[in-house]
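Plus 672 on top of the position in the sequence shown (first one is 1) and you've got my numbering. We treat Cβ as the ideally placed atom computed from N, Cα and C, and that holds for glycine.
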Amino acid sequence: MITGMAITVEKPGIDGLNEAVAALREWQSEGVAWQLHPGDLGWFWRNGADATAAAVRLWRRDGRILAVGFLDGADLLRLTTAPDLRRDEELARQLAEDVAAPERGVLPEGQVSVEAPMDALLQDVLPGHGWHVDEEEPWTPLSLDLTEPVKAPDLRIETVGADLAAEWAEVIGASFTRSTFTAEKWRTMAAGAPYADARCLLGYDGQGAAVAAVAVWSAGPGKPGLLEPMGVHRDQRGHGYGRAITVAAAAALQELGSSSATVNTPSSNVAAVTTYKSGGFRPWPETRDLTRDA
Numbered sequence: 673m674i675t676g677m678a679i680t681v682e683k684p685g686i687d688g689l690n691e692a693v694a695a696l697r698e699w700q701s702e703g704v705a706w707q708l709h710p711g712d713l714g715w716f717w718r719n720g721a722d723a724t725a726a727a728v729r730l731w732r733r734d735g736r737i738l739a740v741g742f743l744d745g746a747d748l749l750r751l752t753t754a755p756d757l758r759r760d761e762e763l764a765r766q767l768a769e770d771v772a773a774p775e776r777g778v779l780p781e782g783q784v785s786v787e788a789p790m791d792a793l794l795q796d797v798l799p800g801h802g803w804h805v806d807e808e809e810p811w812t813p814l815s816l817d818l819t820e821p822v823k824a825p826d827l828r829i830e831t832v833g834a835d836l837a838a839e840w841a842e843v844i845g846a847s848f849t850r851s852t853f854t855a856e857k858w859r860t861m862a863a864g865a866p867y868a869d870a871r872c873l874l875g876y877d878g879q880g881a882a883v884a885a886v887a888v889w890s891a892g893p894g895k896p897g898l899l900e901p902m903g904v905h906r907d908q909r910g911h912g913y914g915r916a917i918t919v920a921a922a923a924a925l926q927e928l929g930s931s932s933a934t935v936n937t938p939s940s941n942v943a944a945v946t947t948y949k950s951g952g953f954r955p956w957p958e959t960r961d962l963t964r965d966a
């Protein structure tokens with residue numbers, strides 16, 4: 673139980689944002705419930721450091737970061753805590769109060785959702801404050817153990833630098849509906865603190881066309897790494913390129929020292945879940961957000 677000084681919530685500046693990335697790196701470990709990863713902030717960093725800082729919330733006590741929240745859109749707060757405080761009553765109550773009060777600047781009024789580790793006490797506290805489990809949009813976490821060598825995929829793979837940024841952006845743009853990703857956004861993302869432990873990969877078919885792309889984010893040696901995003905060009909689907917780029921992503925994370933490769937996808941995206949399974953990823957129990965109706 674935390675006692676003594678009050679727990680406060682803040683919108684960090686750039687220094688606080690870098691502290692948040694460092695905390696998320698430190699908190700990653702094997703065998704725990706799915707949680708916010710530094711790579712999640714790294715992918716959002718394509719919008720710029722200021723926008724990323726504006727989307728982050730920090731809970732502190734006496735200078736220590738106790739929890740990190742990330743507004744992944746206006747109505748979804750993705751949240752995690754220091755591992756030793758996952759079941760702390762005082763922190764859970766404070767988090768519940770802050771996400772419920774729009775004037776505290778965490779979530780707005782209206783219908784909003786919170787994603788938190790399934791073993792967090794907040795999962796038990798929020799339903800008593802007008803929240804309910806969202807049964808309509810479950811997510812499937814998947815992971816691949818990297819303690820054994822990963823076999824190289826049957827696809828030419830290139831690591832992306834500034835010279836391939838436009839090509840990577842083109843494939844990502846052709847993989848996701850309404851994507852606005854550009855080469856300039858790649859450069860912005862690559863300049864962010866999380867990208868120090870990241871790589872972007874491009875996969876090419878036998879004719880030399882770029883057909884698949886992925887970004888991988890390490891949290892440091894011996895810790896789980898993240899795939900975010902992974903996409904196959906809409907005109908190149910059905911040839912096994914998704915599986916191949918997924919295996920390449922796992923191999924890249926292994927080279928970076930990651931203990932496992934992880935990914936999280938909507939359970940309704942059956943094609944994505946099937947692709948990851950075909951690459952050797954093992955599904956974990958589904959996760960669900962907590963939602964407060966308008």
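Closer than 7 angstroms by C-beta to residue i: which residues in its own chain qualify, once you throw out the five before and the five after it? Chain order, please.
i, result
"Trp840", "Val832, Trp858, Cys872, Leu874, Ala885"
"Gly845", "Ser851, Phe853"
"Leu925", "Leu818, Val888, Ser890, Gly897, Ala933"
"Ala705", "Pro789, Met790, Asp791"
"Glu807", "Arg960"
"Tyr913", "Leu827, Gly875, Val883, Ala884, Val904"
"Val686", "In the sequence as displayed, the identity of residue 686 is Ile instead of Val. If we look at Ile686 and ignore the five residues flanking it on each side, its Cβ neighbours are Ala721, Ala725."
With which residues is residue i paired in a DSSP beta bridge?
i, result
"Trp889", "Ala870, Leu898"
"Pro813", "Asn936"
"Tyr876", "Arg828, Ala882"
"Val904", "Ala884"
"Ile737", "Arg732"
"Thr963", "Ser785, His804"
"Arg758", "None; Arg758 has no bridge partner."
"Thr680", "Arg732"
"Phe742", "Val728, Arg750"
"Pro955", "Leu814"
Let me confirm a value: residue i is counted as buried when at least 16 other C-beta atoms fall within 10 Å, else exposed. Which label applies?
i, result
"Val942", "exposed"
"His905", "buried"
"Gln700", "buried"
"Gly951", "buried"
"Pro684", "buried"
"Met677", "exposed"
"Asp734", "exposed"
"Thr724", "buried"
"Asp835", "exposed"
"Glu856", "exposed"
"Lys895", "buried"
"Gly910", "exposed"
"Glu958", "exposed"
"Gly903", "buried"
"Thr918", "buried"
"Glu682", "exposed"
"Ala862", "buried"
"Ala837", "buried"
"Ile829", "buried"
Would you check if the distance between the CB atom of residue i and the CB atom of residue j is smaller than 7 angstroms?
i, j, result
"Gly688", "Leu730", "yes"
"Thr752", "Pro789", "yes"
"Ser847", "Asp961", "no"
"Leu794", "Leu767", "yes"
"Trp803", "Arg915", "no"
"Leu743", "Ala727", "yes"
"Ala881", "Val843", "no"
"Gly741", "Leu748", "no"
"Val771", "Ala923", "no"
"Ala920", "Pro780", "no"
"Gly754", "Leu738", "Note that residue 754 corresponds to Ala in the displayed sequence, not to Gly. In contact: Ala754 and Leu738 (Cβ atoms closer than 7 angstroms)."
Counting only the same chain and skipping the five closest in sequence on each side, list residues whose C-beta sits under 8 angstroms from that of residue i.
i, result
"Thr819", "Ser931"
"Thr937", "Trp811, Thr812, Leu814, Ala944, Val945, Tyr948"
"Pro799", "Val805, Leu962"
"Gly745", "none"
Cβ of residue i versus every heavy atom of the ligand MN: is any distance shorter than 6 angstroms?
i, result
"Leu898", "Ligands displayed in this structure: none; no statement on the ligand MN is therefore possible."
Keeping to the same chain, check which residues put their C-beta closer than 6 angstroms to that of residue i; ignore five residues upstream and five downstream.
i, result
"Glu702", "Ser931"
"Leu928", "Ser890"
"Asp796", "none"
"Gln908", "Val883"
"Ala966", "Gly782, Gln783"
"Pro955", "Thr812, Leu814"
"Asn690", "Ala865"
"Thr877", "Note on identity: in this sequence residue 877 is Asp, with Thr being the wrong assignment. If we look at Asp877 and ignore the five residues flanking it on each side, its Cβ neighbours are Val883."
"Gly892", "Arg697"
Give a yes or no on whether 7 angstroms exceeds the smallest Cβ distance from residue i to chain D.
i, result
"Ala694", "Considering every chain present, this structure includes no chain D. It has just one protein chain."
**Asked** Within the chosen definition, does the region 686-697 reach the region 708-722 through at least 3 CB pairs nearer than 8 angstroms?
**Response** yes
**Prompt:** Is it a yes or a no for the region 806-821 touching the region 763-777, going by three-plus beta-carbon pairs under 8 angstroms?
**Reply:** no
**Request:** Report yes or no: do the region 856-870 and the region 713-732 share at least 3 C-beta pairs separated by less than 8 angstroms?
**Result:** yes
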